[in-house]
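K.L.:
Each residue of the sequence shown is one higher than the last, beginning at 229 in our numbering.
Just so you know, even glycine gets a beta-carbon here, dropped at the ideal spot from N, CA and C.
Just passing along the structure, written as structure tokens.
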Amino acid sequence: MTQPTDIRRVRDRRPRLLDLFSCAGGAGKGYEDAGFAVDGCDIAHRPNYPFPYHHGDALEYLAYLITTGEIRRYAFVHASPPCQHGCALTVGTNASQGWGRSHVDLVAPTRTLLDATGLPYVIEQPNGRAEIRKDLTLCGEMFGLGVIRHRNFELGGWTTDQPAHRPHRGRVRGYRHGRFYDGPYVAAYGNGGGKPTVPELQAALGIDWTDVREELTEAIPPAYAEHIGRAFLTAAALEVAA
């Protein structure tokens, strides 16, 4: 692999976090709010990503960091490998209708490399058949957001408590089988069926640095990662104190 040179070494007293499969930075922004310095990596060009990032294959980059020892710069790793293989839409509606295409499953190879780092980590996936432990499940209602967006997190090398799930206040706004339903949440996926405008998506997710719909519909709300980041830093501080 050609040596990556696009993330500069910057002195920073905050613990540094590696954000793999970073997309536009929904998770990264939450971790920054929790107290981390953040570097990202995504195979797509992400000019809206708000932190330094490596443009390239996330697993190749992680392998490079492990081989060179550069991984020791980091205190924590977050990974959101592509979720289309096991997500509920792919294995449910799309499969039943013969829609879509096959998708690569990167969860297992991501976990293998993360274990090799020796660092604490998080693997994020949506509801569906992705083979991860659901050590933590978060929902937009837990944070007063305008999306439900359940997300599951496997925690490697550390643990935290599962917060209580809050009952949803109503339906997700949009069309279902030709009928329109109103509700307090917007559907943060797709384009048709009464889907929200870009400003509505931004407000619902708590993201204001990108106006690209595809990036918004794939983003983790920053509130989720802030919760995880604060939980990890609290756990790490307690371990040091003990």
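1) Where do the N-terminal and C-terminal ends of the alpha helix (DSSP H) with residue 306 fall, by residue?
2) So, with DSSP's three-state summary, where would you put residue 390?
3) Just verifying my parser: in three-state terms, what is the DSSP assignment at residue 460?
4) Which class does residue 407 belong to by DSSP, given the choice of helix, strand or coil?
5) Between which two residues does the beta strand (DSSP E) holding residue 365 run?
6) Going by the beta-carbon positions, is the gap between residue 264 and residue 280 smaller than 8 angstroms?
7) Should residue 466 be labelled buried (16 or more other beta-carbon atoms within 10 Å of its own) or exposed?
8) On the three-state DSSP scale, how would you describe residue 349?
9) Any idea what DSSP makes of residue 259, helix, strand or coil?
10) Determine the closest residue to residue 460 out of 387, 333 and 237, with distance taken between C-alpha atoms.
11) Tell me the DSSP bridge mates of residue 266?
12) Would DSSP call residue 429 helix, strand or coil?
13) Can you list, in chain order, the residues of its chain with a C-beta nearer than 8 angstroms to that of residue 329? Leave out the 5 residues immediately preceding and following it.
14) Mark residue 469 as exposed unless 16 or more other C-beta atoms lie within 10 angstroms of its C-beta, in which case mark it buried.
15) Under 8 angstroms by Cβ, that's how I've got residue 258 and residue 446 pegged, so tell me the actual separation to the nearest angstrom.
16) Taking 8 angstroms as the cut-off, decide whether the C-beta atoms of residue 337 and residue 304 are in contact.
17) For residue 390, is the classification buried or exposed, using 16 other Cβ atoms within 10 angstroms of its Cβ as the cut-off for buried?
18) Mapping the DSSP letters down to three states, classify residue 275 as helix, strand or coil.
19) Note down the Cα distance separating residue 374 from residue 368, rounded to an integer number of angstroms.
20) According to DSSP, is residue 316 helix, strand or coil?
21) Drop a sphere of 10 angstroms on the beta-carbon of residue 471, count the other beta-carbons inside from all chains shown, and report buried for 16 or more, exposed for fewer.
22) Can you tell me whether residue 373 is helix, strand or coil according to DSSP?
23) Does the Cβ-Cβ distance between residue 379 and residue 352 come in under 8 angstroms?
24) Figure out for me which residue from 250, 334 and 274 has the closest Cα to the Cα of residue 266.
25) Measure the alpha-carbon distance for residue 298 versus residue 440 and round it to whole angstroms.
26) Take residue 414 as the anchor and find which of 399, 405, 269 and 406 has the nearest alpha-carbon.
P.N.:
Per the coordinate set shown:
1) Counting from one through the sequence shown, the residue named residue 306 turns up at place 78. First-last for residue 306: 304-307, but that is the beta strand (DSSP E), not the alpha helix (DSSP H).
2) Counting from one through the sequence shown, the residue named residue 390 turns up at place 162. The answer is coil: DSSP assigns residue 390 none of H, G, I, E or B.
3) For the purposes of this step, residue 460 is identified with residue 232 of the sequence shown, where counting begins at 1. When secondary structure is reduced to three states using DSSP, residue 460 falls in the helix class.
4) Translated into the one-based positions of the sequence shown, residue 407 becomes position 179. Correct three-state label for residue 407: strand.
5) On the sequence shown, position 137 is the one that residue 365 refers to. Here the beta strand (DSSP E) through residue 365 covers 364-366.
6) As a first step, residue 264 is located in the sequence shown; it is residue number 36 there, counting from the start. As a first step, residue 280 is located in the sequence shown; it is residue number 52 there, counting from the start. Taking 8 angstroms as the Cβ cut-off, residue 264 and residue 280 do not qualify as a contacting pair.
7) Locating residue 466 in the sequence shown gives position 238, where the first residue counts as 1. Residue 466 should be labelled exposed.
8) Here the question's residue 349 lines up with position 121 in the sequence shown. Three-state result, residue 349: strand.
9) Position 31 of the sequence shown, counted from the start, is the residue given in the question as residue 259. Residue state for residue 259 is assigned as helix, using DSSP reduced to three classes.
10) Translated into the one-based positions of the sequence shown, residue 460 becomes position 232. Taking the Cα of residue 460 as reference, the smallest distance to any Cα among 387, 333 and 237 is reached at 387.
11) Residue 266 sits at position 38 when you count from the first residue of the sequence shown. DSSP lists 245 as partners of residue 266.
12) Taking the first residue of the sequence shown as 1, we reach residue 429 at position 201. Three-state result, residue 429: helix.
13) Numbered from 1 along the sequence shown, position 101 holds the residue referred to as residue 329. Confidence at residue 329 is low in this model, with a pLDDT of 48, below 50, so its placement is unreliable and the value that follows should be read with caution. Excluding the 5 residues flanking it on each side, residue 329 has no same chain C-beta neighbour closer than 8 angstroms.
14) What you label residue 469 is simply residue 241 of the sequence shown in a count that begins at 1. When all chains shown are included, residue 469 counts as exposed.
15) Residue 258 sits at position 30 when you count from the first residue of the sequence shown. Residue 446 sits at position 218 when you count from the first residue of the sequence shown. Contact doesn't hold; Cβ gap of about 15 angstroms is too wide.
16) Walking along the sequence shown from the start, residue 337 turns up at place 109. Walking along the sequence shown from the start, residue 304 turns up at place 76. Between residue 337 and residue 304, the C-beta spacing is not below 8 angstroms.
17) Position 162 of the sequence shown, counted from the start, is the residue given in the question as residue 390. A residue is called buried when at least 16 other Cβ atoms come within 10 angstroms of its Cβ; residue 390 does not meet this threshold and is exposed.
18) Position 47 of the sequence shown holds residue 275. Three-state result, residue 275: coil.
19) Mapped onto the sequence shown, residue 374 falls at position 146. Mapped onto the sequence shown, residue 368 falls at position 140. A direct Cα-Cα distance of roughly 7 angstroms separates residue 374 from residue 368.
20) Residue mapping note: residue 316 aligns to position 88 of the sequence shown, counting from 1. Caution is warranted here: a pLDDT of 44 is assigned to residue 316, below 50, making its placement in the model unreliable, and the coordinate value is therefore given only provisionally. Helix, per DSSP.
21) Past the edges of the chain, shown from 229 to 470, lies residue 471, and the structure says nothing about it.
22) Position 145 of the sequence shown, counted from the first residue, corresponds to residue 373. In this structure, DSSP gives residue 373 a state outside helix and strand, which the three-state scheme calls coil.
23) Here residue 379 refers to the residue found at position 151 when the sequence shown is read from its first residue. Here residue 352 refers to the residue found at position 124 when the sequence shown is read from its first residue. Annotated as proximal: residue 379 and residue 352, with beta-carbon spacing under 8 angstroms.
24) The count along the sequence shown starts at 1 and reaches residue 266 at position 38. With distances taken between Cα atoms, residue 266 lies closest to 250.
25) As a working mapping, residue 298 is identified with position 70 in the sequence shown. As a working mapping, residue 440 is identified with position 212 in the sequence shown. Going by the C-alpha atoms only, they are around 32 angstroms apart.
26) Working through the sequence shown from its first residue, we reach residue 414 at position 186. Here the closest residue by C-alpha is 399.
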